[in-house]
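Working notes, beginning with the structure itself.
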Amino acid sequence: MAFFPWHMKVHSKEEKELRRAILDFYGILNVFTTLVIIPTVVCWFGHVYRYNLVVIKQQRQEEEGGYQRETIYSRFARFVYLSHWYLGRPLFGARWLGSRKSWLLGFLWIGFMVFMSISDTGDDYFHLTKRLGHIATSLLPAQYLLSSRFILQQTSILSYQTHETLNKAHRWLGRTIYTLLTLHGILYTNYFVTTDRIYRFLNWDVIFGLLGLIIMNTMFIASLPKYRRVAYKTFFSVHQLLSVLVLPVAWVHVYDTGRDYDDFERVKGVGGGD
């Protein structure tokens, strides 16, 4: 079976071990990026932005005719300040399209997620399928941190970002996780159906995987503005309950997936246990 340019095929034990190592590497890389690199960049740009405001205030307080030599850092701070102003303008002057910054960051984030999802997967259909789930779950630590108002308030002095601003990132991250997990489920469902493995839906790993997708779909629907605005308290309670419940469900799904199904899953020339 093929899913261009990825193919379903039998894998040796060594190939599976290599695939597991690559999955772990990209999972750790994604966690490090979302918890260390991106927050560091956000804090640094926030500091540069604030630094520019201080410099402007000092320059205005200087006597007329005074001369102050600009440093490279102050010039860069001014560039960041002006860029922030420019990117904050509506795209093509249309407010309904959103700001230029939103589109730029959106394309950068999508490109990064595509890279993390397909890099080094080769033509391995199962590697692609597993990678989607792996990258999605590696985003959960950042997602839970962004949902904590207390933590964000305590760190706002470093990031110069309000909770309301970071809540937008929380929603973006949630949509990313939902999309990746949905694709993960669709590709595995395609594998089960096209290779006559419908019976796999009765195995515990698949049952808990489907349960996880049901939870994610429920959270997604409850988060839609139409429902969130009408009954915010209900949305908030359901959101908190399901966000906690999804963790043990995901753990059982991954734990049970580790079992070896090779003894009874070699059907139609396609290797099992993938």
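Take 1 as the starting number for the sequence shown in UniProt numbering and just add one per residue. Ideal Cβ placement from N, Cα and C applies to all residues, glycine included.
In this structure, the alpha-carbon of residue 211 lies about 11 Å from that of residue 248. Under DSSP, residue 124 shares a beta bridge with 7. Per the Cβ contact rule, the segment 176-192 is in contact with the segment 128-147 (3 or more Cβ pairs under 8 Å). When DSSP states are grouped into helix, strand and coil, residue 223 belongs to the coil group.
For the 9 Å CB-CB criterion, residue 35 and residue 108 do not form a contact. In the DSSP annotation of this structure, the continuous segment of the alpha helix (DSSP H) that includes residue 31 starts and ends at 13-32.
Close CB contacts of residue 33 within its chain, under the 7 Å cut and outside five residues either way in sequence, are absent. Spanning the alpha carbons of residue 37 and residue 162 requires a straight line of approximately 19 Å. For residue 119, the three-state secondary structure derived from DSSP is coil.
At a Cβ-Cβ threshold of 9 Å, residue 31 and residue 119 do not count as neighbours.
In the three-state scheme derived from DSSP, where H, G and I count as helix and E and B as strand, residue 147 is classed as coil.
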